[in-house]
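Counting from 24, one number per residue, gives the positions in the first sequence under the working numbering.
All C-beta atoms in this analysis are idealised placements derived from N, C-alpha and C, irrespective of residue type, glycine included.
Scroll down for the structure; my scribbles are underneath it.
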Amino acid sequence: MENKKIAQIFQEIGDILELKGDNPFKIIAYNKAAQVISNYPYDLREIYKKDPDLVKQIPGIGESLAVKIEEILATGDCQKHLKLVKEIKHGVLDIMRLRGIGPKKTKLFYDKLGIDSVQKLKSYARRGLLRELTGMGEKSELAVLEAIEAYGRLKARMPISDALNIAEEIVSFLRKSPEVKKAEYAGSLRRRLETVGDIDILACGSPKIVEHFCSFPEVEHIESKGDTKATVVLNSGIQVDLRVVPIDSFGAALYYFTGSKAHNIATRKIAQKMGLKINEYGVFNGKKCVAGKTEEEIFKSIHLPYIIPEMREDMGEIELAASREWKKFKPIEISDIQGDLHSHTNWSDGSLDLEQAALEAKKRGYTYLAITDHSGSLKIAHGLDKIRLEAQMKEIDKLNKKLRGIVLLKGVEVDILKDGSLDMPDSVLKKLDIVVASVHTYFKLTAEEQTARIIRAIQNPFVNILGHPTGKLLGMREAYEVDLMTVMRAARARDVALELNCNPKRLDLNAQVLRAARDMGLMISLDTDAHGSSQLEYIEYGVHMARRGWLEKKNVLNTMELQSLKKFLRHG
DNA sequence: GCCGTTTTCGGCCCGACTGTTTTCAGTCG
Ligand SMILES: Nc1nc2c(ncn2[C@H]2C[C@H](O)[C@@H](COP(=O)(O)OP(=O)(O)OP(=O)(O)O)O2)c(=O)[nH]1
Ligand SMILES: [Mg+2]
Ligand SMILES: [Mg+2]
Ligand SMILES: [Zn+2]
C-alpha cells in the first residue's frame, strides 16, 4: 500500500512550507491531505487505475493534489517535493520536531546563526548564543536544551495496551480527590486507536485539580501547568495531558478532548454554518450556551446523532450519521460475540489444558471455542504433527460429551509454508471443524511472492480463516509486504474470513482494512489467539477495533450462532 | 491548496500556556 508514502510526502511538503513561512492555509491543506490519505481504506493506486477522476473526489484532495498523486504513483515522488527537499538542510526538520520548537524558531536559528542540525543547536545553546536572538531569552534557551535532552527519553507512539492501565490509574488517582467531580481518559485512547502518542485525561471541578494531578507519584517532571490544563512526563517517558473544566462543560470538553482533531474541526465547521460555535466549554449561540453537559447534547445541537468515539476520525462518519443509512447502522457490541475461533492450549504453546480453556470460554458466556494449536513445523511453539493433532481431536470429542453449555471446535492454526502449501495434509484438515492458516516465517518475501503464497494457502478448500493477516507486531515489527486487497478478494471469493487478531501486541487489521472488508462483504473473525488464562478478554480490544472499522454484527463471523457458523465453516 | 443549498472568491476551529513582550507571537492541545 503506497498510501502511507504519499501521505508522508504531503506531510513533509507541509512541514517545509511551514518552515519557509508559506501561506498557512496551504499548509493546512497539505496536512489535511496527509491525514485523509493515511486513514483512507483503499489503495490509491487501485482507485486511480479504476478511474483517475475518483482521486479528486476524496475530500481534501483537489485538482492540484490529484495531479501530484498521479505523479507519485508514476515516478515515486513529485517535483514539488524534490525541489523543496533540496532547498533545506535535512537537520532543520529534526530541529522543528523538538518539543516547543516550531517552524518560526527553527527558521530564526537557521537564518540568523546558520544552525542546521540538532547537534549545532545544542552547541549554540550551551554557549549561551541563542538568548541574544529577538524573541529568545535565558528561559527559552534553557527550554531548547531541555527539549534536546527530552528527545531521546520521550516515548514514541506506544501500543494502546501500554497506556491503558496507567491511564486508568491516573483517573482513579484523580477521582480520590474531593475536588474532582468527574474524570475520564480521552484522546486517541478513548477512540481506541491501536497506538497512542500520549495519555489525555479530562477532569471536572476547580483549578486546584491541576496541583493534585501534578502530585501523582509517577510524575517525573512538569512540562507546563495552568488553571485549566497541565502537561507532565512520567518516569516511563509517557506524556500525560490533563484538561480541567467546570462540570457543566463536561460533555463539551470530553467531546473536544476525545477528538480526533480532524473530527473536531469538521463538526465545528458545521456549527459555524448554523451560526453556532463549538469549543471545549460548550456550544454557543452568541453568548448563550445551548449545550455542554453531555456529548449527546453537543451532537443534538448540530442535528447529528451520537457518534461513537471509535469512529470520530472525519473519515465519512459525519456524513454517514447525517444520512438515512444511519438508522440501519448498528456498530458491533461486545455482547454480540458468541465465541472465539482461535485459541491455544498446552498441547502446543498455550498454558491451559482443554477443559480449562473450555471453562474460561463458558465463563464469558460463549457457546463455542475453537481449539487451534500450532502445526508441527513451528518447533518453538511445540506444534502438533498429524498424530498428535488426531489424538487431540479424540480428546476434544470425549470432552464435548461431558461439557455443558459450551462446545469445543476441533481446529488447528496451520502454518503457511514458504510456497503457500499447508503444514498438514488435507486428509487431516478435512476432519477438523475449523482451520486457521497463518504466516509465521519468511516475512521478507516480495509483495508479489507473499501475495501469491497467501492466496495459494487460502485456496485450500479446508481453510476458513486467514490468521493475523499482516504479521505486524505493534511497535516491534512492521507488516510484511503483501497486496492485501488482492488477498481479500480471493478470500471473499472462497468464503474465507480474515482474522482481526485481538492480541493487544498485534491488533492485526487496522480500521482502514476493516472498512474495506466491510464494503466488500468479507467476513471478519475477531480472534483473541489466547495462549493462557484470561486472554479471552483480549476480545475487548478487538471489538473496539472492529467499531473503528465500522463493522456491524453481520460482518463478524463469531457473532453467529453455532449452527450457522458450522454451515459457514463447511463453505456453505 | 480546498471548497461551495447564501459564495467560483474569500474564507479556512478555537483556546491555553509560556516567555518575551509593553500588547503578543509561538507552540501546542
Ligand atoms: N479543536 C481542536 N482539537 C484538538 C486540536 N489538537 C488536538 N485536539 C483535541 C483532539 C485530540 O484528540 C485531543 C488530544 O490531542 P492529542 O494531540 O493528544 O491527539 P490524539 O490523542 O488524538 O492522538 P495521539 O495518539 O495523542 O497522537 O485534543 C486542534 O488543533 N483543534
Ligand atoms: Mg493523545
Ligand atoms: Mg495530548
Ligand atoms: Zn495463534
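Item checked: Member of 517, 531, 157 and 43 whose CA lies at the smallest distance from the CA of residue 592 -> Nearest neighbour of residue 592 by Cα position, chosen from 517, 531, 157 and 43, turns out to be 517.
Item checked: Beta carbon of residue 547 nearer than 8 Å to that of residue 520 -> In contact: residue 547 and residue 520 (Cβ atoms closer than 8 Å).
Item checked: residue 210 CB to nearest heavy atom of ligand 3 below 7 Å -> Set against 7 Å, the gap from the CB of residue 210 to the closest heavy atom of ligand 3 is smaller.
Check: Would the beta-carbon of residue 225 fall within 8 Å of that of residue 285?
Finding: Taking 8 Å as the Cβ cut-off, residue 225 and residue 285 do not qualify as a contacting pair.
Check: Where residue 175 and residue 273 are concerned, what is the direct C-alpha to C-alpha distance, given to the nearest angstrom?
Finding: Spanning the two alpha carbons is a distance of roughly 35 Å.
Item checked: Pairwise C-alpha distance: residue 222 and residue 311 -> Approximately 32 Å, taken between the alpha carbons.
Next item on the list: Alpha carbon to alpha carbon, how far is residue 186 from residue 218? Give it in angstroms, no decimals.
Entry: Looking at the backbone, the Cα of residue 218 and that of residue 186 are separated by about 9 Å.
Next item on the list: Give a yes or no on whether the C-beta atoms belonging to residue 383 and residue 377 are separated by under 8 Å.
Entry: Going by C-beta atoms, residue 383 is not nearer than 8 Å to residue 377.
Notebook entry, point to check: So is residue 288 buried or exposed if we call it buried at 16+ other beta carbons inside 10 Å?
Noted result: Answer is exposed; the Cβ neighbour count stays below 16.
Note to self: Just to confirm, is the Cβ distance from residue 113 to residue 32 under 8 Å?
What the structure shows: For residue 113 and residue 32, no; Cβs fall outside 8 Å.
Next item on the list: Report the residue from 299, 269, 315 and 296 whose alpha carbon sits nearest the alpha carbon of residue 305.
Entry: Looking at the Cα atoms, 315 is the closest of the given residues.
Check: Exposed or buried, which one is residue 393 when buried takes at least 16 other CB atoms within 10 Å?
Finding: Taking every protein chain shown into account, the CB of residue 393 has 16 or more other CB atoms within 10 angstroms, so this residue is buried.
Notebook entry, point to check: At a cut-off of 7 Å, is residue 134 close to ligand 3 when judged by its beta-carbon and the heavy atoms of the ligand?
Noted result: Relative to ligand 3, the beta carbon of residue 134 is positioned no closer than 7 Å to any heavy atom.
Check: Looking at residue 456 and ligand 3, is the gap between the Cβ and the nearest heavy atom below 7 Å?
Finding: No; taking the cut-off as 7 Å, the Cβ of residue 456 has no heavy atom of ligand 3 nearer than that.
Item checked: Residue of 91, 249 and 245 minimising C-alpha distance to residue 260 -> Here the closest residue by C-alpha is 245.
Next item on the list: Alpha carbon to alpha carbon, how far is residue 201 from residue 594? Give it in angstroms, no decimals.
Entry: Distance from the CA of residue 594 to the CA of residue 201, rounded to the nearest whole angstrom, comes to 59 Å.
Check: Is any heavy atom of ligand 2 found at a distance shorter than 7 Å from the C-beta of residue 572?
Finding: Outside the cutoff, so no.
Margin query: Am I right that residue 566 and residue 331 are in contact with their C-beta atoms under 8 Å? What's the rounded C-beta distance?
Written below: Cβ atoms of residue 566 and residue 331 stay farther apart than 8 Å, at about 11 Å.
Margin query: When you measure from the CB of residue 221 to every non-hydrogen atom of ligand 3, does any distance come out below 7 Å?
Written below: Checking the Cβ of residue 221 against ligand 3 gives yes.
Checklist line | Buried versus exposed call for residue 511 [16 or more other C-beta atoms within 10 Å across all chains shown] | finding: So residue 511 ends up on the buried side.
Check: Taking the continuous alpha helix (DSSP H) assigned at residue 4, which residues delimit it?
Finding: Only positions 24 to 595 of the chain appear in this structure, which leaves residue 4 out of reach.
Next item on the list: Just tell me which of 122, 149, 237 and 428 has its CA closest to the CA of residue 178.
Entry: For the options 122, 149, 237 and 428, the alpha carbon positioned closest to that of residue 178 is the one of 122.
Check: By a C-beta neighbour count over all protein chains shown, 10 Å radius and 16 as the cutoff for buried, is residue 543 buried or exposed?
Finding: It counts as exposed.
Checklist line | Residue closest to residue 502, alpha-carbon to alpha-carbon, out of 538, 464 and 488 | finding: When only C-alpha atoms are compared, the closest one is 464.
Check: Just to confirm, does residue 552 get its C-beta within under 7 Å of one of the non-hydrogen atoms of ligand 4?
Finding: Checking the Cβ of residue 552 against ligand 4 gives yes.
Notebook entry, point to check: Is any heavy atom of ligand 3 found at a distance shorter than 7 Å from the C-beta of residue 185?
Noted result: Residue 185 Cβ: outside cutoff for every heavy atom of ligand 3.
Margin query: Our contact map puts residue 144 next to residue 118 with C-beta atoms below 8 Å; I'd like the distance itself, whole angstroms only.
Written below: Indeed they touch by this definition, with Cβ atoms about 6 Å apart.
Item checked: Candidates 256, 280, 258 and 257: closest to residue 267 by CA position -> Considering only 256, 280, 258 and 257, the residue with the shortest C-alpha distance to residue 267 is 280.
Next item on the list: Less than 8 Å between the CB atoms is what I'm expecting for residue 491 and residue 472, so what's the real figure, rounded?
Entry: With 8 Å as the limit, residue 491 and residue 472 do not qualify as a contact, their Cβ atoms being about 18 Å apart.
Notebook entry, point to check: If you scan the stretch 489-561 from start to end, which runs of the beta strand (DSSP E) of 3 or more residues do you find wholly inside it?
Noted result: If we require 3 residues or more, the beta strand (DSSP E) runs fully inside the stretch 489-561 come out as 520-524 and 547-550.
Margin query: Less than 8 Å between the beta carbons of residue 479 and residue 215, yes or no?
Written below: Against a cut-off of 8 Å, the Cβ pair of residue 215 and residue 479 comes out as no contact.
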